[in-house]
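In our numbering, the protein residues as written are 107 to 1145. Just so it is clear, CB atoms sit at the ideal spot from N, CA and C, and this is done for glycine as well. Taking it in order: structure first as structure tokens, then the write-up.
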């Protein structure tokens, strides 16, 4: 085995622009973010020589692996270093400009200029759409990632071209020699419409040929300059089934089913004129690609599979019937001569260092064939039998599909996606033998799951993957296989095409045996070292969906879940599984089963939308632990995946309605739920497999894979999408969290994610936590504080801030008793500066009184409710006293408010304001005279005269003064809310009554003329009233 060197791509942050929530100005705005970067790829999707390319000068080879291309560089010790090349769907070409600047792509500008007048089909240079820049226009999940179907590495390893599959694919050109990002292409060619089948570089790296699939039907030749700018040189239709495409000097050779064709981009078509001065159909630099078929003679029915260039005019062409031919184009005659015939179908070929051609066969053969013409006669070589009798690939046979010669070894890639290194040994002058030295293992079919191997030894396997065919491979940290195991699968002939598959597995403690479950419900325990089966039984009547193993009280328990709605609990002892309990509480298929870390609880998820939590009960008679239902959590949709959170009493569950739930299985409460969407407006996806991981700086992170869009996602526990990436081209089946210690002292812990998919590839992602830089303003005190510690500058400045509430309390304590003798009451004074006015509710103050017509500023509550802005439009009471032109107005209570003339004015009575205040009953008739007030009753045995009212006022003033002195001298004490509100209300009512009493007309005992003059024109005694009235207005507004 050869060790893999660690490689990684640049850190790739989340492509989603997150809308950050408002943050407190007192908290730090620095937030840790997670990002994903591809660190290793295991396996490949190389199924033909078109997805494999080799450059002997740089000792490297490239092959397709899902949506990425792996560039592997091999040293003399056969150590391999990987680099990964891929481009996001929104990537934009960045050519290398002289001086390091960024320049535009000429072909893009030219296609925009020619987009309006195209005469050809979409994808051709005659009708290229304007929006072909970069990624596909549509935002569907199928357009997010496209498989790499064509790979070409230029001579010297300068350029790498990658062709994509699907509708409106791209041809990506990467700069390999430059220290550029492996995710940033220098050119993006989007002229094909339905998949790219092949790409090929000319020997000098100045011409690039791109061929579409049969549905696309176009062959383009591009010119590349030193900066990576592409220019269309020539194109033509090519609707043949092409098996290989290579450059032979300045000519392009394509071979396939019953044809060999040579294309000459330097020649001018007859329609262009003899001198080639006629302007092309697309632009002045474009011309149709000239091509001519080669005569096949008796090989008319052959399918040619491989082209191996020998020189600028000669090439070797092989067929699947075993024919090895020489194509000679010295005088542009394109003569095809058969020089050898093998008894196997040739699948790939390459030129060896000694000048021989190494061919591989469909039965796994590797053979070197000499090309010495002098030892061959001029008579063409013939073979017996028809081509169809010699053609055909054996099913189940492993054979190479691509081959290449490096300076130190011969590299082959077989049909099971595994790469092998061989050494060459010369047997004779015309024959050589090859022996396999090492291999890069891979799964040959769909990978269905991945499991972490706990407590692994140094250099041992850390995780294992399994495929549907029963293959189990353990992998080390470097991505090298540690063990390979094949589990036997029983097949039933009359199962109506229900092929048995390996569905799940679980490792026992010690990692020496593994329990597996298949599609037929058979549970097996297999020894890892020997591969022998220690136990096998049909545990369920249907597919086994999950297996969990735990060690409790020196007993090993194994629990299995199945689609037959049951859970089986076994005890492993004496190399045998004894059935302990069958649990059949679920009403639907059981999809997940897991033991808690201490083994005291058993959790299961079912399609009946429930998660059942069972607790273990010790059975002394049986000597085993039985599990009984403790609680059941009902969800809105069926749970799909389950994983224990970093906090051992919580689990993370993914449901079919695209939700992720964080559940406390101790009490069965759902702590949080979020939708697996994004900020781009895309549809949420259901996570088919999830893991919970520590973020290192805050709440945990939920990572999962979605088979719907083949993505890997990372969410915070609040539901914020932290990172998202693509790489697999088929449904992603499982994800696992791999933790390892990065330091020798076991300090820092690195976390990696392992994802597997149905395309047979394994991607290892590095999860990195990065903190954005703090772009804050440097404060002056921080700069001055950089001095010596003994200096006063190093200490913080002195500050003592007194709050407003403390200042208000001090102001209240400083009020002297003499203030009560002032003309204006203290309660009516304006509040101190900085004090906040309290606006109590209307319900806490009581009903507002009906005011005297002489003060239209105050209205009844009914009128106030009908006209909220009445108070703002009415004049103040003081202004009403001074303004004789304004007449009092009485508005009816139950009629709409309207303007009333002075003739129809009626007198209006003022209602009672408070129990301690006397109501005023005075009116003004139409002549302006003052009416006699009614006789008032006695209050507390005293007649309501001036002397009695003065006596009661003095008694009230004394009581209020004593109460105020008590409040100022004693510590603060809070009254009950009811007493406090009642006291405040009575004081407010008293002040309002006193104000109204002062504004009321004088008695008839005074001089009539003076009184009338006071009412109509204003009096001198009213000059002191406005200040008090303004205070009353302010307090009325507060109320």
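Measure from the alpha carbon of residue 571 to the alpha carbon of each residue in 539, 561, 605 and 620, then state which is nearest.
620
Would you report the Cα separation of residue 811 and residue 795, rounded to the nearest angstrom?
Taking the CA atoms as reference points, residue 811 sits about 6 Å from residue 795.
If you count every other CB in all the chains shown that lies within 10 Å of the CB of residue 1077, and 16 or more means buried, which is it?
With fewer than 16 neighbouring CB atoms inside 10 Å of its own CB, residue 1077 falls in the exposed class.
Residue range of the alpha helix (DSSP H) that residue 1062 falls in?
1052 to 1075
Taking contact to mean 3 or more Cβ pairs, one atom from each stretch, closer than 8 Å, check whether the segment 711 to 721 and the segment 729 to 736 are in contact.
yes
I believe residue 282 touches residue 175 by the beta-carbon criterion, under 8 Å. Please report the beta-carbon distance rounded to the nearest angstrom.
Going by Cβ atoms, the distance from residue 282 to residue 175 rounds to 11 Å, so no, they are not a contact pair.
Using the beta-carbon count (16 or more within 10 Å), is residue 404 buried or exposed?
exposed
Could you name the residues of the same chain whose beta carbon sits closer than 6 Å to that of residue 354, not counting the 5 residues immediately before and after it, in chain order?
415 and 421
If you run the structure through DSSP and keep just helix, strand and coil, what is residue 404?
helix
Within the continuous beta strand (DSSP E) that includes residue 659, where are the two ends?
Unbroken run through residue 659: none, as it is neither H nor E.
Find out if the Cβ-Cβ distance for the pair residue 505, residue 453 is shorter than 7 Å.
yes
Beta strand (DSSP E) containing residue 810: first to last residue?
If you look at residue 810, you'll find it in the beta strand (DSSP E) that goes 807 to 812.
Specify the secondary structure class of residue 570 as computed by DSSP and reduced to three states.
If DSSP states are grouped into helix, strand and coil, residue 570 belongs with the strands.
Let me check one thing: in DSSP terms, what residues is residue 1214 bridge-paired to?
With the chain covering only 107 through 1145, there is no way to say anything about residue 1214.
How would you label residue 1164, buried or exposed, when you count the other beta carbons within 10 angstroms and need 16 or more for buried?
Residue 1164 lies beyond the stretch modelled for the chain, which goes from 107 to 1145, so this question has no answer here.
If the criterion is Cβ atoms closer than 7 Å, does the pair residue 376 and residue 327 meet it?
Taking 7 Å as the Cβ cut-off, residue 376 and residue 327 do not qualify as a contacting pair.
Among 752, 831 and 651, which has the Cα closest to the Cα of residue 798?
752
Quick one: Cα of residue 728 to Cα of residue 677, how far?
11 Å
Whose CA, out of 562, 724, 702 and 789, lies closest to the CA of residue 748?
702
Distance check for residue 583 and residue 527, CA to CA, integer angstroms please.
21 Å
Classify residue 335 as helix, strand or coil using the three-state DSSP reduction.
Residue 335: coil per DSSP, three-state reduction.
Would the beta-carbon of residue 547 fall within 7 Å of that of residue 574?
no
Could you check the C-alpha separation between residue 401 and residue 308 for me, to the nearest Å?
Here the C-alpha atom of residue 401 lies approximately 25 Å from the C-alpha atom of residue 308.
Counting Cβ pairs, one atom from each stretch, are 3 or more of them under 8 Å apart for the segment 167 to 185 and the segment 257 to 268?
Yes, they touch.
By DSSP's criteria, residue 677 is part of a beta bridge. Which residues make up the other side?
663 and 684
Once the 5 residues before and after residue 723 are set aside, which same chain residues still bring their CB inside 6 Å of it?
732 and 734
Distance check for residue 767 and residue 778, CA to CA, integer angstroms please.
6 Å
With DSSP collapsed to three states, give me the class of residue 151.
In the three-state scheme derived from DSSP, where H, G and I count as helix and E and B as strand, residue 151 is classed as coil.
Start and end of the beta strand (DSSP E) containing residue 700?
696 to 701
Leaving out the 5 sequence neighbours to the left and right, which residues in its chain are closer than 7 Å to residue 770 when beta-carbon positions are compared?
755, 756 and 777
Return helix, strand or coil for residue 1088, following the three-state DSSP convention.
helix
Of all the beta strand (DSSP E) runs that stay within the bounds of the segment 729 to 780, which reach a length of 3 or more residues?
730 to 740, 745 to 750, 756 to 761 and 765 to 770
Going along the chain, which residues of its own chain have a beta-carbon closer than 6 Å to the beta-carbon of residue 657, five neighbours each way excluded?
615
Would the beta-carbon of residue 320 fall within 7 Å of that of residue 345?
Yes, they are a contact pair.
Relative to the alpha-carbon of residue 623, which residue among 600, 654 and 258 has its alpha-carbon at the smallest distance?
654
If we ignore side chains and look at the alpha-carbon of each, how far apart do residue 288 and residue 148 end up?
18 Å
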